[in-house]
Each structure stands twice: as structure tokens, then as C-alpha cells.
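Working notes, structure below.
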Amino acid sequence: MVESIRKSAYGCTKYIPGKSTSQVCQDYNLSSVIKLGSNENSYAPFPVIKQAMLDEIDRIGIYPEKKYVVLKQIIGENAGLTEHHVGLGHGAGNVLDVVAKTFIEDGDEVIIPEKTYSLYTDISKIMGAKIVKTAMTSDYKIDLTAVKNAITDRTKLIYICNPNNPTSTIVDKNEFTVFVQNLPKHVWVLLDEAYIEFTDADLVPDAISLIKQGYNLIQVRTFSKYYGLAGGRVGYMLADTSVADMYNTVSEPFNCNRIGLAGAVAILNDDTNQADFYAKKMMADREIMAKKLESFGFEVTKSHTNFLFLKTKYQGADIAEKLLHKGVIVRPCGGWSYPNHVRVSIGNTQENLEFLAKIEEVLNDM
Ligand SMILES: *Cc1c(COP(=O)(O)O)cnc(C)c1O
């Protein structure tokens, strides 16, 4: 322990990313591996994104334009708001971090559902927050009643991941709307919509409308999943201008890179809807995979994301390890205290078929 390091840093845990393809090839002596452990988009890069990024390389010696007006304008206008409602970051992870930095003071309480994206806990802890965890419902959903009951005079932020990672569930949109409308004035909700494009738009709360009406809500989105830009690192938040302005003051001056920005602008301007085309394929495959996995004996949670959350009678870690030997990376959910669950990303159709074949082999060997 280094005396001089901020004490709260020792309370944090390292983010555990999914295993990488090259690491698994090496460790298991394989020549090819299918990576379905990190919810990446297997159809990336979409042609329109690739071309824009290649063109941008000529300007790599120049700092990106500080205010990122071009991308902010498109995002703001698409939401029926303005560029002044937008804050960008190198991935939603960075956006979450800047929001935590902007809001949390030592001793503030933050509420985090028990089984959700792990980053919320650490970015809050480092700011000196007291973490209050709330139980999930028995059907793997975020329990908004439990969250509401956990609010105190010291609550500052509430993290709601919708659809939720790793359980793939959504909250009821009307319940969420009422929940936000009845928040005490000192409490803010950070709504992480990393997977929102993979569910039915009719099922999700209208966050923008709540923001327009002045409720304490911050919407966070990413280009990593639906748009296939995980390596380009672009995410954003939408909120009232007073919050967005402070967000942009607190964040480091150049927290997006030229190449990622060029890709993001290109895909938002893409009138051939390439992202939507691939997402539809993934959603169709998702339903086929769910049925097949059920026929193999898995309990499959209805998914609103680009991944499936599977319950098995075996240890999830065991299944994941056996799949690794066959060159398929999935994510066991023991880290979320779901020892019998596995999370598997929807890949391209070829990968999905191979995954199904391999997991059938694994089950036959168990
Ligand atoms: C993947 C993910 C993110 C952010 O990803 P970035 O690559 O940092 O944009 C944020 N929240 C959840 C729930 C995610 O699964």
C-alpha cells in the first residue's frame, strides 16, 4: 500500500474485461477463436464508418476541435434538443466517470442495483461515495421500488442500466417515468442506455421528454455496441443544459479522438442505415438462439440486448472454461453472484451457429 495514494482508490476493484482473442489462442493453443464475451458488434466496421475513419487519418496531427460541435449538433438535434444539452467522452465509460466527478462529494450516497454494470461502483467509490446496493426482482429486473425505498437525505445519484447488463432485462417504462417524476430535488438518475437500440422503442421510457420537462435525469449512450465502434471509444450524455455545461467544464479538454469522432459522425449521417440493418440480423438471430438454447435445457431470460443471459444446472464458470477449449469466449456471471449463469453476446450468424454447435458438444460431455 502506498501511503500517498488516495485512500478511496484502495476500495476500488480492477475492471475485469472479457478475455481477448489473442490471449485465448495462445493459452489454449487454438488458431481461431469466436469472441462472444464482451457484447461487441461482430459486423463492424460498417463500410460507411471505415471510409470516414480512413479519410480522417490525414488530420491525426491536429487536435480535435475542442467543442466537438459537429457531433454534438447531430446528437442534440436527433433528440429534439441542442448541442448545449450534449456531453461527449471516450466511451460511455468515460462519460460515466465524468458524471460521477461532476456530482459526487465525499460522503454522498449513490444507489446501485446489485446485479448491474460494475463500473458504477468504482467510479463512485473513488469520489468518496457510500455505495447503497438494492436487490433485484426474482425475474432479474431492476427493482425500482427497492431503489425508491433506499433513497435518503444523502442520496446523490442513482444508476439505472436499461436494458440491464448482465441480465438483459428492462424496467417497466411507466414505472420508471413515475419514479423519475417523484424524485426528491437533491437526487439525480443516471440512465445508462448502452443497449437501447436492441429493444422495441415502444418499451423504453421517453428520457428526452423527462429531461425537457426539467426532471433530474441524465441519459448516457454509447457508439460501442449498436454502432460497432467499441475500439473507437465514443459515448455521450444528454441532460439539461446546466448539467451539460458543467459536465463540459469538468471533463478533460480533448476527451474524444479524431478517428472515433469521424466514425460516429459518419454513421449518424448514414442514410443507408447500415447499423440498423445489422442490428435486425442480430435480433432475429437472438430469438433463434434463445429457442435453441431452451431446447438444450437452458433457462433463457427474455433479452432486450445484443446478448443472452442463460441459466444452467451447471457452474457457469465450468461451461465457459469448456467452451474456451473449443475456441468460444463467453462470460460466466459468477462475478455478479450468479454462479449458474452465462452471458453470451450475439455475434454474426456464422459465429452464432458455431457457438450453438460447440455448446451442444459441451453439454453432451458434461
Ligand atoms: C458496454 C457498456 C458501456 C460502455 O461502453 P463504452 O465502450 O465505454 O462506451 C456502458 N454501460 C454498459 C451497461 C455497457 O454494457
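If you read the sequence shown in the working numbering, its first letter stands for residue 208, the second for the next number, and so on. Idealized CB from N, CA, C, for every residue including glycine. These numbers come from a predicted model, not from an experiment.
Secondary structure of residue i, DSSP reduced to three states
| i | result |
| --- | --- |
| T341 | strand |
| K487 | helix |
| D379 | coil |
| T362 | strand |
| K504 | Contrary to the premise, residue 504 reads as Gly rather than Lys in this sequence. Reduced to three states, the DSSP call for G504 is coil. |
| E316 | strand |
| Q426 | strand |
| S552 | strand |
| D399 | strand |
| Y324 | coil |
| I566 | helix |
| R465 | helix |
| M334 | coil |
| I367 | strand |
| G439 | coil |
| G294 | strand |
| R266 | helix |
| K355 | helix |
| M444 | strand |
| R213 | coil |
| I223 | coil |
| V411 | coil |
| V537 | coil |
| K498 | helix |
Same chain, Cβ closer than 6 Å to residue i, neighbours up to 5 away in sequence not counted
| i | result |
| --- | --- |
| L368 | Note on identity: in this sequence residue 368 is Cys, with Leu being the wrong assignment. The residues are T323, Y324, D399. |
| T384 | P412 |
| V537 | L243, G244, A527, L530, V549, V551 |
| G335 | S215, D313 |
| T228 | V240, K242 |
Cβ-Cβ separation, residue j to residue i (assumed contact under 8 Å), whole Å
| i | j | result |
| --- | --- | --- |
| L254 | Q481 | Per the sequence shown, the amino acid found at residue 254 is Pro instead of Leu. Confirmed, Cβ separation roughly 7 Å. |
| K363 | V317 | 6 Å |
| L445 | H292 | 5 Å |
| A422 | V387 | Before going on, a small fix: residue 422 reads as Tyr here, not Ala. Correct: roughly 5 Å between the Cβ atoms. |
| S510 | S375 | 4 Å |
| Y250 | G435 | 6 Å |
Identity of the residue in the options nearest residue i by Cα
| i | options | result |
| --- | --- | --- |
| G470 | M334, D315, D492, I256 | I256 |
| S239 | N559, R538, K533, D262 | K533 |
| I425 | V441, A299, Y433 | A299 |
| P373 | M496, L417, Y217, F514 | F514 |
| K273 | L563, S458, V427, F562 | S458 |
| I330 | L303, F461, V339 | L303 |
| S431 | G296, S227, D572, T289 | G296 |
| N378 | Y347, A401, A357 | Note that residue 378 corresponds to Val in the displayed sequence, not to Asn. It is Y347 whose Cα lies nearest to the Cα of V378. |
| G554 | L417, M496, V305 | M496 |
| F310 | G504, P271, I365 | I365 |
| K518 | H511, E506, D525 | E506 |
| D409 | K380, P224, S416 | K380 |
| M453 | A307, T344, F405 | A307 |
| S449 | I223, E290, V209 | E290 |
| Y433 | V472, D478, V427, D483 | D483 |
| A414 | L436, V441, E382 | E382 |
| A451 | L397, V209, R440, I474 | L397 |
| E404 | T328, T512, N476, G504 | T512 |
| V441 | Q230, A524, L475 | L475 |
| T359 | L390, P370, S345, M343 | L390 |
| T220 | L326, V569, A286 | L326 |
| Y402 | E494, W395, N371, I418 | N371 |
| D262 | A357, R465, T508 | R465 |
| P224 | D572, A437, K487 | A437 |
| V394 | K419, A286, N356 | N356 |
| S544 | E561, K565, Q522 | Q522 |
| K520 | K565, V231, G504 | G504 |
Range covered by the alpha helix (DSSP H) that runs through residue i
| i | result |
| --- | --- |
| D452 | 448-457 |
| V255 | 254-263 |
| L278 | 276-285 |
| G300 | 299-310 |
| Y235 | 228-235 |
| I415 | 414-419 |
| A527 | 523-532 |
Closer than 8 Å to chain D by CB, residue i
| i | result |
| --- | --- |
| I365 | In the structure shown, chain D cannot be found, because there is only a single protein chain. |
Close Cβ partners of residue i (< 8 Å) along its chain, the five nearest in sequence each way excluded
| i | result |
| --- | --- |
| R361 | G314, D315, E316, K337 |
| V354 | I318, P320, T341, I365, I367, F386 |
| M208 | Y217 |
| V472 | A259, V277, L278, I281 |
| L563 | M496, K499, L500 |
Segment limits, beta strand (DSSP E) that includes residue i
| i | result |
| --- | --- |
| K518 | 514-518 |
Close Cβ partners of residue i (< 7 Å) along its chain, the five nearest in sequence each way excluded
| i | result |
| --- | --- |
| Y275 | L295, C463, L468 |
| N559 | D492, M496, I553 |
| M490 | F405 |
| C540 | P373, G523, H548, V549, R550 |
| T429 | G298, A299, A401, G442 |
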